[in-house]
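Visitor: Following this message is one structure expressed as structure tokens.
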Amino acid sequence: VIAPNSSYVYSDYLPKYLEMTDQRVIIRSVHNHIDNDSILWPAAAKMLKENADKTQLYYKTDHHWNYAGSYKAYQELLVLLNCKDTPIPAGKKVTVSKDFMGSKSSSAGFSFIKEPFYAYEFTTPKMTITMNGKKVSDYGEQQEFISGSTSSTITYGNFYGIDAGEIIFDTGDTSKENILVIGESYDNAVLKLLASHFHITHSIDLRNYEHFLGEKFNYEQYLKEHSIDKVLFIGNIDFYIKEEFNLENN
């Protein structure tokens, strides 16, 4: 899954004099380069662009998709993965914060540019979660932020979960399949939702795996050791063109 940037999804609203890279060209190039009938490509970019006029799908101050954009992506992922389950319903829309300052604002030094941070309140099945080899109570602080019981600063990573090297979600439902998700920060917002539909979900961030696990990631070995049934690659354009995400280097 190639998650487009907001500059592509909302390109019609940008000034005409701005010279932007046509992400459709890059996406087509990646598709053509990986010409394999066993690989399925969802039309994520087209779907998000078609819905751009209906609701805000990306943050204004951050480079990630927001609560609405990530939920639409999650729904499409279930179709891509041939998952017959009903999607977890989008619960009540909650205003988590009125003063969210995302990566764009913070990196540019524009601390005065902020926006509301909204989220859906989901009910997911119970699961055990292991992060970088250690058992944790949860991935991200969604419930804590919604209930107001955390003192953490509202960020995309604090709310949905950080870019860990390895995260393992286990629902205990052995009737379901095991999936390996190789991605980056764009998948943080959908990991727990996806994990709800599988027995064991293994999430790998190639940038951080060796740092936290102490060894290079071996793709073929990992598939065998963990009885993986399906593999999902998901990330922004950079995920497919930067060397640090190259499986051949891991």
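Just so you know, the sequence shown maps onto residues 1 to 250 in the working numbering.
Every residue, glycine too, gets a C-beta built ideally from N, C-alpha and C.
(1) As a quick exercise: from I241, M127, L247 and I234, pick the residue whose alpha carbon is nearest that of E76.
(2) Using a Cβ-Cβ cutoff of less than 6 Å, which residues in the same chain neighbour S70 once the five nearest sequence positions on both sides are dropped?
(3) Count the other CB atoms within 10 Å of the CB of A119; is the residue buried (16 or more) or exposed (fewer)?
(4) Give me, in chain order, the residues of the same chain whose beta-carbon lies closer than 8 Å to that of H226; leave out the 5 immediate sequence neighbours on both sides.
(5) Taking the alpha-carbon positions, what's the M101 to V94 distance?
(6) Is the Cβ of Q143 closer than 7 Å to any Cβ of chain C?
(7) Helix, strand or coil for I129? Go by DSSP, reduced to three states.
(8) So, for E115: in the same chain, excluding its five sequence neighbours on each side, which residues have a beta-carbon less than 7 Å away from its beta-carbon?
(9) By the 10 Å Cβ neighbour count, where 16 or more other Cβ atoms means buried, how is V1 classified, buried or exposed?
(10) By the three-class DSSP mapping on this structure, what secondary structure does L57 have?
(11) Relative to the alpha-carbon of G183, which residue among E220, V231 and G172 has its alpha-carbon at the smallest distance?
(12) Assuming I88 and F122 make a contact with CB atoms under 8 Å, what is their CB distance in whole Å?
(13) With a threshold of 16 other CB atoms inside 10 Å of the CB of N5, please say whether the residue is buried or exposed.
(14) Just checking my contact of Y160 with G133 at CB under 8 Å: how many whole Å lie between their CB atoms?
(15) Kindly indicate the opening and closing residues of the beta strand (DSSP E) around K134.
(16) Give me, in chain order, the residues of the same chain whose beta-carbon lies closer than 6 Å to that of L247; leave out the 5 immediate sequence neighbours on both sides.
(17) Are S185 and P125 close, meaning C-beta to C-beta below 7 Å?
(18) Distance check for T130 and N208, CA to CA, integer angstroms please.
(19) Work out the CA separation of I241 and H64 for me, nearest whole Å.
(20) Anyone know if the C-beta pair for I146 and F117 falls short of 7 Å?
(21) Nearest to L213 by CA position, among F169, G165 and F198, is which residue?
(22) How about T55 and A73: are their beta carbons less than 7 Å apart?
(23) My understanding is that T128 touches D85, with C-beta atoms under 8 Å, so please give their C-beta distance in whole angstroms.
Guide: Per the coordinate set shown:
(1) I234
(2) A189 and V190
(3) buried
(4) N178, L180, I200 and H202
(5) 17 Å
(6) Absent here is chain C; the protein component of the structure consists of one chain.
(7) strand
(8) Y59, K60, T61 and F100
(9) buried
(10) coil
(11) G183 has its Cα closest to that of V231, out of E220, V231 and G172.
(12) 6 Å
(13) buried
(14) 21 Å between Cβ atoms; not a contact.
(15) K134 to V136
(16) Y219
(17) no
(18) 15 Å
(19) 18 Å
(20) no
(21) G165
(22) no
(23) About 20 Å separates the CB atoms of T128 and D85; that is not less than 8 Å, and the two are not in contact.
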